[in-house]
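Everything in the sequence shown is counted per UniProt numbering, starting at 1 for the first residue and increasing by one.
Notes for the one structure printed next.
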Amino acid sequence: MSSSTSAAALLLHGRRPSPSPSPPSKAQPFLAPPSNLSRLPVSASVSARFSPSRPPLLIAAAAAASGGERDNRVQELRVPDSWLTPEGVAQESEWLRETLHKWLDDEYCPEPANVDISRTAARSYGESLAAGRSELGEILLKMAGDLETLSYRESFHGAFSAANAAVRLITQRMETLSEEDDGM
Numbered sequence: 001m002s003s004s005t006s007a008a009a010l011l012l013h014g015r016r017p018s019p020s021p022s023p024p025s026k027a028q029p030f031l032a033p034p035s036n037l038s039r040l041p042v043s044a045s046v047s048a049r050f051s052p053s054r055p056p057l058l059i060a061a062a063a064a065a066s067g068g069e070r071d072n073r074v075q076e077l078r079v080p081d082s083w084l085t086p087e088g089v090a091q092e093s094e095w096l097r098e099t100l101h102k103w104l105d106d107e108y109c110p111e112p113a114n115v116d117i118s119r120t121a122a123r124s125y126g127e128s129l130a131a132g133r134s135e136l137g138e139i140l141l142k143m144a145g146d147l148e149t150l151s152y153r154e155s156f157h158g159a160f161s162a163a164n165a166a167v168r169l170i171t172q173r174m175e176t177l178s179e180e181d182d183g184m
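So, in structure tokens, the structure goes:
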């Protein structure tokens, strides 16, 4: 077996092929140490980059899969509790309707679909907040589902790009308000 084939097998399966068959086992994630990455063959159409200051996400997954401690660097993003009150729901959903509409007009071009997209996203967001949903992942999924009911034939947008834009705007608002609170 050539060394490039061995390296490819090692990369794909996380272990060297053995001459004798072994019993089926659970798949194990493969994590190449940084020193081995330069030795692996890389085709001209693929580029591999590794930054020691930013380890691959697979390291956290492998630690969790191997029974290691859970990586707490990923946090759930939640809207402030004050946004879950009836006044907060009304204020935040209206803010999203106006802000998303302006963003869609500025980012792409003004078009009638932007009114429907921003109105539907704001309604969905308000429904999520009114139901007590504060986790942005849940809000995003509901909003994307609600936005899928619209037609995007005459638009530059899609349901998921619009929902992602809305959640990005919400996140930016949360950061801005947090910075303002920290400055006081």
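Every residue gets a Cβ at the ideal spot worked out from N, C-alpha and C, and that includes glycine.
Three-state secondary structure assigned by DSSP to residue i
i             : result
aspartate 182 : helix
glutamate 135 : strand
arginine 78   : strand
proline 110   : coil
arginine 153  : coil
arginine 168  : helix
glutamate 148 : coil
threonine 99  : helix
glycine 158   : coil
serine 22     : With a pLDDT of only 46 at serine 22, under the threshold of 50, the placement of this residue in the model should not be trusted; the figure read from the coordinates follows. If DSSP states are grouped into helix, strand and coil, serine 22 belongs with coil.
threonine 176 : helix
Top-ranked residue by Cα proximity to residue i, from the options
i             : options                        : result
leucine 83    : Glu175, Glu76, Glu92           : Looking at the sequence shown, residue 83 is not leucine but tryptophan. Closest by alpha carbon: Glu92.
alanine 144   : Ala131, Ala122, Ser134, Ser155 : Ala122
proline 86    : Leu140, Tyr108, Arg173, Glu127 : Glu127
tyrosine 152  : Ala166, Glu111, Ser178, Leu177 : Glu111
glutamate 107 : Trp95, Arg97, His157, Gly132   : His157
glutamate 154 : Glu76, Cys109, Leu77, Asp81    : Cys109
serine 161    : Leu77, Leu104, Asp81           : Leu104
histidine 101 : Thr176, Ser178, Ala166         : Ala166
leucine 169   : Arg97, Ser134, Asp182          : Arg97
aspartate 81  : Ser178, Ser134, Thr176         : Ser134
8 Å Cβ shell around residue i - same chain, five flanking residues per side excluded
i             : result
leucine 150   : Ala113, Asp116, Ile117, Thr120, Ala159
valine 89     : Trp83, Gly126, Leu129, Ala130
tryptophan 95 : Arg173
residue 185   : The structure shown does not extend to residue 185, since the chain spans only 1 to 184, so no value can be given for it.
Contact belief for residue i with residue j at Cβ below 8 Å, rounded distance in angstroms
i         : j           : result
valine 79 : leucine 136 : 7 Å
Same chain only: Cβ atoms within 6 Å of residue i, ignoring 5 sequence neighbours per side
i           : result
residue 185 : Nothing in the structure corresponds to residue 185, since the chain is present only between 1 and 184.
serine 38   : Residue confidence is low: serine 38 scores 42 on pLDDT, short of 50, so the model does not pin down where it sits. Its coordinate-derived value is still stated next. Here the set comprises nothing.
Spatial neighbours of residue i in its chain, beta-carbon cut-off 7 Å, leaving aside the 5 residues before and after
i           : result
glycine 132 : Leu84
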